[in-house]
Every structure is written in C-alpha cells, then in structure tokens.
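Heads up: the sequence shown is residues 1 to 153, going by full-length UniProt numbering. Every residue, glycine too, gets a C-beta built ideally from N, C-alpha and C. In this text, all values refer to a predicted model and were calculated from it rather than measured experimentally.
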Amino acid sequence: MQLNPMVFSALTVAVLACQAPASAAGLGTAEQAVTLVKKGIAHIKAHGKDKAFADINQPDGAFKDRDLYVIVIDLNGRMLASAGNARMVGKDVSQIKDANGKTFVKVALDTAKASGKSWTDYMWPNPSSNVIEAKTTYLEVMGDVAVGCGVYK
C-alpha cells in the first residue's frame with residue numbers, strides 16, 4: 001500500500017507536533033537555571049569551595065538536572081567546577097567561541113563582573129540533538145568566582 005504524499009506529510013507533521021511538547025517538557029527553564037545557580041552559591045557558602053566544587057563536579061549529583069548543570073568559573077575565565085563536563089575543569093574557557101565566533105564566556109564574565117550577574121546569549125551544540133541551537137547562560141558573581149547555568153531557548 002502506497003500512501004498519498006499529502007497524507008504522508010500530514011501524518012509526519014502530526015507525529016512531530018505530538019512529540020514536541022514531550023521533548024520540551026524535558027528541558028530546563030531559565031527560572032530553573034537561576035534556582036540551580038542559587039543552590040550552587042548556597043552550597044559553596046555552606047561547605048566551602050573545595051567540598052562544594054567536588055560536589056558540583058559529580059555528573060549525577062545535585063547540581064545537574066536534565067539539560068541544566070552548574071558551572072563555576074574564576075573571574076579570569078578558568079573553569080573550577082562543572083556538573084556537565086568535568087574535562088573542562090582547570091581549563092581557561094574565556095576564549096571559547098560559539099558557532100558564530102562570539103567569545104561568549106568572556107562576554108558573560110565581563111558583564112557579570114560589572115553588574116554582579118548576567119544573561120548571555122550564544123549558539124551552542126545541543127548534545128541531545130547534535131544541532132546548534134540558541135542557548136543563554138546565567139552567571140552570578142560570588143566573591144572571586146562566577147556561578148552559572150545555561151539553558152537552551
């Protein structure tokens with residue numbers, strides 16, 4: 001049995017439309033990203049940097065929720081902790097560029113240092129889809145570090 005191309009197209013659109021809300025429900029929101037950053041800051045204040053950074057670096061720990069994860073960067077751009085990518089810990093991330101060539105970490109840090117916090121937009125590969133997508137990261141300065149979390153838009 002061969003499907004009419006119009007029927008096939010309509011069925012494809014219907015299936016994709018039904019899947020979109022389900023996959024969107026699995027993504028974190030900007031509000032949840034801010035909440036996770038506040039949780040990270042509270043943990044650093046309560047337990048000190050060494051313990052807190054070790055805890056944040058746990059990939060299945062309390063600082064990773066779906067596609068959201070806490071990062072901690074010193075104010076010069078060195079990654080101190082990351083619940084999403086422990087391989088980046090210890091590396092200077094200030095010059096990393098997004099898909100459009102924007103040094104988004106530097107922009108985020110500069111803005112956060114000037115105002116205490118920042119939202120920075122950039123284009124980044126989404127590991128769940130392998131597609132470059134719009135992402136924004138919230139950073140909040142706490143002493144000599146910035147605690148952050150990014151969210152796909």
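For K64: DSSP bridge partner residues: Y69
6 Å Cβ shell around K39 - same chain, five flanking residues per side excluded: none
Supposed contact pair N57 and S82 - C-beta distance, whole angstroms, cut 8 Å: 7 Å
Other residues of its chain near E140: CB distance less than 6 Å, five sequence neighbours each side excluded: V37, K117, V147
Residues near G150 by beta carbon distance below 6 Å, same chain, minus five either side: K135, T137
Exposure of L68, with buried meaning 16 or more beta-carbon neighbours within 10 Å: buried
K135, DSSP secondary structure in three states: strand
Of the residues D60, V34, V72, G84, the one placed nearest D50, counting alpha carbons only: V72
Cβ pair V70, M79 closer than 8 Å: no
Three-state secondary structure assigned by DSSP to D92: strand
Bridge partner(s) assigned by DSSP for R78: D92
DSSP state of A83 mapped onto helix, strand, coil: coil
Exposed unless 16 or more other CB atoms sit within 10 angstroms - verdict on A33: buried
V107 versus G90 - alpha carbon distance: 19 Å
7 Å Cβ shell around K113 - same chain, five flanking residues per side excluded: L75, V141
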